[in-house]
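Chains as they are written, first to last, in the numbering used here: chain A, 1 to 117; chain H, 1 to 115.
Take a look at the structure below.
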Amino acid sequence: DQQVKQNSPSLSVQEGRISILNCDYTNSMFDYFLWYKKYPAEGPTFLISISSIKDKNEDGRFTVFLNKSAKHLSLHIVPSQPGDSAVYFCAASALWDAGGGADGLTFGKGTHLIIQP
Amino acid sequence: DVKVTQSSRYLVKRTGEKVFLECVQDMDHENMFWYRQDPGLGLRLIYFSYDVKMKEKGDIPEGYSVSREKKERFSLILESASTNQTSMYLCAISIAGGISSYEQYFGPGTRLTVT
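This is the structure in structure tokens:
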């Protein structure tokens, strides 16, 4: 059973416009959410994250929104640039124990974002 | 900057061979992870480790084992490689304790082909 879902395998957006990538989750124990960006033949790079105690986190052109009641999060990129073309993975985690130390991340299947000139 | 190194970028092995994938980190981080990435399946966790000689199974441990004899090195072992283990293998680390332990940093990956 897939606990983190990215229902759009690909998304095409014009340069300069807003890109919105969506992610849904089913596990109520998840309390931290992350977005990773991956270019071909490279490891994923951490982009932005959000704790379950917040509903928004912003870093430059990237904003992540969390709707806990809907178990939904989204990544907004504005304005979109050609270098943003990549596969974006949504990931989630639950605190492993009270002493800290995160469990492995649960990833979605990814969304391939294509920025068109 | 966090540096995670994987021993090979590309590897070709035959069915039945024993395969070692090495991951080395340079910052004395406790937590290390092995994932595989397949098209349409995203990243799936194979094994992880919180300290030397400690290991925990992830979501898909079957056909794999791990070794962590030193803090900086975490090895993934395919005891008898099979064609369905052809994949991109990714090692990751995180800093133990607190909110930052959620954030994982990945190596460049090893593209393994089993023929």
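Cβ atoms here follow ideal geometry from the backbone N, Cα and C, with glycine treated the same way.
Nothing here was measured: the structure is a model prediction, and the numbers come from that model.
Please identify the residue among the options whose C-alpha is closest to the C-alpha of residue i.
| i | options | result |
| --- | --- | --- |
| A:Leu34 | A:Lys54, A:Glu15 and A:Pro40 | A:Lys54 |
| H:Tyr102 | A:Phe30, A:Ile77, A:His112 and A:Lys37 | A:Phe30 |
| H:Thr15 | H:Gly107, H:Gly63, H:Val24 and H:Phe106 | H:Gly63 |
| H:Asp1 | H:Cys91, H:Phe48, H:Ala81 and H:Asp26 | H:Asp26 |
| H:Asp28 | H:Arg73, H:Arg111 and H:Glu79 | H:Arg73 |
| H:Ile95 | H:Tyr105, H:Tyr10 and H:Gly109 | H:Tyr105 |
| A:Ile114 | A:Cys90, A:Ala94 and A:Ile77 | A:Ile77 |
| H:Ile77 | H:Val4, H:Arg9 and H:Cys23 | H:Cys23 |
| H:Ser65 | H:Leu41, H:Pro39, H:Arg44 and H:Leu21 | H:Leu21 |
| H:Lys3 | H:Ile93, H:Arg111, H:Thr115 and H:Thr110 | H:Ile93 |
| H:Phe48 | H:Ser82, H:Gly109 and H:Glu30 | H:Glu30 |
| H:Asp59 | H:Arg44, H:Glu69 and H:Lys70 | H:Arg44 |
Cβ of residue i within 7 Å of any heavy atom in the ligand MN?
| i | result |
| --- | --- |
| H:Gly16 | The ligand MN is absent from the structure shown, which contains no ligands of any kind. |
Within 10 angstroms of the Cβ of residue i, are there 16 or more other Cβ atoms? Answer buried if so, exposed if not.
| i | result |
| --- | --- |
| A:Thr45 | exposed |
| A:Ile18 | exposed |
| A:Ala92 | buried |
| H:Glu36 | At residue 36 of chain H the sequence reads Arg, which differs from the Glu that was named. Under this definition H:Arg36 is a buried residue. |
| A:Ser80 | buried |
| H:Gly107 | buried |
| A:Pro117 | exposed |
| H:Tyr10 | exposed |
| A:Ser10 | exposed |
| H:Gly40 | exposed |
| A:Gly16 | exposed |
Quick one: what does DSSP say residue i is sitting in, helix, strand or coil?
| i | result |
| --- | --- |
| A:Tyr32 | strand |
| A:Asp97 | With a pLDDT of 48 at A:Asp97, under the threshold of 50, the predicted position of this residue should be treated as unreliable, and no value is reported. |
| H:Asp38 | strand |
| H:Asp51 | coil |
| A:Asn22 | strand |
| H:Thr83 | helix |
| A:Tyr39 | coil |
| A:Asp84 | helix |
Could you tell me the alpha carbon to alpha carbon distance between residue i and residue j, rounded to whole angstroms?
| i | j | result |
| --- | --- | --- |
| H:Met32 | A:Lys109 | 22 Å |
| A:Val13 | A:Gly83 | 12 Å |
| A:Ile20 | H:Lys18 | 43 Å |
| A:Gly43 | A:Ala70 | 30 Å |
| H:Lys53 | A:Lys38 | 31 Å |
| H:Ser67 | H:Lys55 | 8 Å |
| H:Tyr89 | A:Thr106 | 16 Å |
| A:Ser49 | H:Trp34 | 21 Å |
| H:Pro116 | A:Leu66 | This structure cannot settle anything about residue 116 of chain H, because the visible part of chain H is limited to 1 through 115. |
| A:Lys5 | H:Asp51 | 31 Å |
| A:Gly135 | H:Val12 | Residue 135 of chain A falls outside the range modelled here, since chain A spans only 1 to 117, and no answer is possible. |
| H:Thr113 | A:Asp59 | 38 Å |
| A:Pro40 | H:Cys91 | 16 Å |
| A:Leu75 | A:Phe62 | 7 Å |
| H:Ser8 | A:Ser52 | 37 Å |
| A:Tyr36 | A:Tyr88 | 6 Å |
| A:Asn7 | A:Asp1 | 14 Å |
| H:Thr83 | H:Gln6 | 21 Å |
| H:Ala81 | H:Ser87 | 11 Å |
Taking Cβ-Cβ distances shorter than 7 Å, what residues in chain D pair up with residue i?
| i | result |
| --- | --- |
| H:Phe48 | No chain D appears in the structure shown, which is made up of the protein chains A and H. |
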